[in-house]
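A.B. asks: I have a structure I would like to understand better, so I am pasting it below and will then ask my questions one at a time.
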Amino acid sequence: MKILSIVGARPQFVKLAPIAKACAAAGVEHHIVHTGQHYDPMLSEVFFEDLAIPRPDVHLNVGSASHAVQTGRMLAELEPVIQESNPDWVLVYGDTNSTLAGALAAVKIHQKVAHLEAGLRSFNRAMPEEINRVMTDHAADLLLAPTEVAMGHLATEGLADRSVLVGDVMTDVLFGVRERVLAGEIENPVCAEFGFAAGDYALATIHRAENTDDPARLEAVISALSQLPFPVVLLAHPRLRAKAEAAKVELNRGAIRLHNPLAYPQLVAAALQSCHIVTDSGGLQKEAFLMRIPATTVRPQTEWVETVELGWNQLTEPEGLLNAATRPAPEPTTASPYGTGVAAQEAVKALLEAVTK
Ligand code: UD1
């Protein structure tokens with residue numbers, strides 16, 4: 002069996018790591034196409050190095066542009082690559098523009114497509130990610146879902162017969178890296194650089210278009226972060242820096258300590274010793290739960306509803322951020338709605354079972 006993985010943005014490299022490993026273990030031929038949606042080394046290169054992902058076989062270098070231009074470039078460039086590769090499965094990941102472009106380019110030339118992390122829904126159609134995931138799920142032939150809730154959404158949309166519950170591959174990666182951190186192999190850069198002790202600081206990431214692109218909302222989020230009663234290390238995505246500069250919103254103020262994005266192992270090391278995580282990232286709010294660090298998510302909805310139901314994640318608007326991030330500690334839980342860390346093996350097994358060529 003031959004799989005062609007299409008990736009392009011930071012969270013997809015994290016998901017790709019365990020899939021590449023599981024393919025190698027199962028003797029599956031695996032090729033990687035990088036669309037180039039993310040091109041900064043800290044959003045791309047370092048993930049391949051740190052997570053021991055094989056180099057992409059093809060790099061398209063599409064770069065940044067508007068949604069239509071970026072997605073359109075990817076579509077045009079992916080078509081001949083997929084055609085020439087002629088894999089048993091084109092595998093697309095998550096919910097970015099690279100996901101939608103990969104699925105659409107493949108299905109239009111009658112190549113089988115599988116979607117990893119299928120069935121997640123925020124029901125907020127203003128999010129580009131929501132449009133990407135709904136369209137990708139309906140275009141794909143095989144839907145690899147991370148949770149029971151995601152399976153339920155797929156069934157509601159009439160997609161049950163194409164869906165398989167495999168668990169969450171980001172959990173696989175996190176558990177592996179956490180072991181390395183706990184074994185002392187990875188230093189916490191936040192404690193090293195700022196001189197904080199464990200538990201003395203919060204981590205924050207804000208990069209979603211809904212939070213960054215409206216200057217008033219961006220100012221409200223940053224202002225709330227700056228007023229927290231503990232230091233907040235803000236890991237600034239290039240999009241956040243660009244939008245803050247354009248809107249003249251000062252990021253470096255009050256409780257905020259500005260920092261560049263971290264590589265994945267360093268992020269896990271820093272998160273494990275933080276007292277709280279404030280984010281609008283899909284991945285980080287769930288990783289916080291898996292590490293049992295309380296999280297506040299600056300969004301009106303979440304796809305990872307289990308984190309909220311179990312009390313470890315609270316959704317908030319910017320005005321409620323201060324209260325949410327200083328709330329009392331949640332009840333301990335042993336729940337594992339995201340699987341036990343073997344989702345990538347399950348996904349490769351499902352791909353092998355469903356192969357039709
Ligand atoms: C994308 C995904 C988002 C995901 C995020 C993870 C879509 C629609 N969104 O958002 O779901 O959570 O990746 O990081 O696909 N930029 C750089 N260097 C880079 C990449 C981007 O400077 O390597 C800047 C550019 O100014 C660019 C902006 O960030 O215009 C936005 O980048 P883009 O890839 O369009 O979306 P993200 O915000 O990264």
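Under the numbering used here, the residues of the sequence shown are numbered 2 to 358, in order. In this text, a Cβ means the ideal position worked out from N, Cα and C, and glycines have one as well. Note that the coordinates shown come from a computational prediction; the quantities given were computed from them, not determined experimentally.
1. Any chance you could list the alpha helix (DSSP H) runs of at least 4 consecutive residues sitting entirely within the region 226-268, in chain order?
2. Nearest-angstrom Cα distance between Y94 and E304?
3. Straight-line CA distance for L322 to Y202?
4. Quick check on DSSP: helix, strand or coil for I223?
5. Comparing C-alpha positions only, which one of A348, V299 and D89 sits nearest to L17?
6. Does the pairing of the region 5-23 with the region 80-96 give three or more beta-carbon distances under 8 Å?
7. For T334, which of M292, I278 and V191 has the nearest alpha-carbon?
8. Return helix, strand or coil for V8, following the three-state DSSP convention.
9. Is it buried or exposed for H70, if we count other Cβ within 10 angstroms and need 16 for buried?
10. Should L175 be labelled buried (16 or more other beta-carbon atoms within 10 Å of its own) or exposed?
11. Three-state secondary structure (DSSP) at I110?
12. Anyone know if the C-beta pair for T137 and A104 falls short of 8 Å?
13. Whole angstroms is fine: what's the gap from A102's alpha carbon to T36's?
14. Apart from the five residues just before and just after R328, which ones in its own chain have a Cβ nearer than 7 Å to its Cβ?
15. Using only the alpha-carbon positions, how far apart do S123 and H39 sit?
16. Just to confirm, is the Cβ distance from H260 to L236 under 8 Å?
17. Under a three-way DSSP split, which group does V63 fall into?
18. Starting from I278, trace the beta strand (DSSP E) in both directions and tell me its first and last residue.
19. As an exercise, report each continuous alpha helix (DSSP H) stretch of at least 4 residues that is fully enclosed by the region 141-199, in chain order.
20. For the beta strand (DSSP E) that V93 lies in, which residues bound it at each end?
C.D. replies: To lay it out plainly:
1. 239-248
2. Here residue 94 refers to the residue found at position 93 of the sequence shown. Here residue 304 refers to the residue found at position 303 of the sequence shown. Rounded to whole angstroms, Y94 to E304 spans 15 Å at the Cα level.
3. Looking up residue 322 in the sequence shown gives position 321. Looking up residue 202 in the sequence shown gives position 201. Near 16 Å, if we compare the C-alpha coordinates of Y202 and L322.
4. Within the sequence shown, numbered from 1, the residue matching residue 223 stands at position 222. I223: helix per DSSP, three-state reduction.
5. On the sequence shown, residue 17 is found 16 positions in, with the first residue counted as 1. When only C-alpha atoms are compared, the closest one is A348.
6. yes
7. Numbered from 1 along the sequence shown, position 333 holds the residue referred to as residue 334. Across the set M292, I278 and V191, the C-alpha of M292 shows the shortest separation from the C-alpha of T334.
8. Locating residue 8 in the sequence shown gives position 7, counting from the first residue. Strand at V8.
9. For the purposes of this step, residue 70 is identified with residue 69 of the sequence shown, where counting begins at 1. Before going further, note that residue 70 is Val rather than His in the sequence given. Classification of V70: exposed, given that the 10 Å Cβ count is below 16.
10. In the sequence shown, the residue the question calls residue 175 occupies position 174. When all chains shown are included, L175 counts as buried.
11. Looking up residue 110 in the sequence shown gives position 109. The answer is coil: DSSP assigns I110 none of H, G, I, E or B.
12. By one-based count along the sequence shown, residue 137 stands at place 136. By one-based count along the sequence shown, residue 104 stands at place 103. Against a cut-off of 8 Å, the Cβ pair of A104 and T137 comes out as a contact.
13. The residue given as residue 102 occupies position 101 in the sequence shown. The residue given as residue 36 occupies position 35 in the sequence shown. Distance between the alpha carbons of A102 and T36: 9 Å.
14. Position 327 of the sequence shown, counted from the start, is the residue given in the question as residue 328. If we look at R328 and ignore the five residues flanking it on each side, its Cβ neighbours are Q315.
15. Position 122 of the sequence shown, counted from the first residue, corresponds to residue 123. Position 38 of the sequence shown, counted from the first residue, corresponds to residue 39. If you take the alpha carbons of S123 and H39, they lie about 24 Å apart.
16. Against the sequence shown, residue 260 aligns to sequence position 259. Against the sequence shown, residue 236 aligns to sequence position 235. Yes, the pair counts as a contact, with Cβ atoms nearer than the cut-off.
17. As a first step, residue 63 must be located in the sequence shown, where it is residue number 62. In the three-state reduction of the DSSP assignment, V63 falls in the coil class.
18. Taking the sequence shown and counting its residues from 1, the one referred to as residue 278 is at position 277. Unbroken beta strand (DSSP E) run through I278: H277 to T280.
19. 149-157, 170-183 and 190-195
20. Along the sequence shown, one-based indexing puts residue 93 at 92. Note, V93: beta strand (DSSP E), W90 to Y94.
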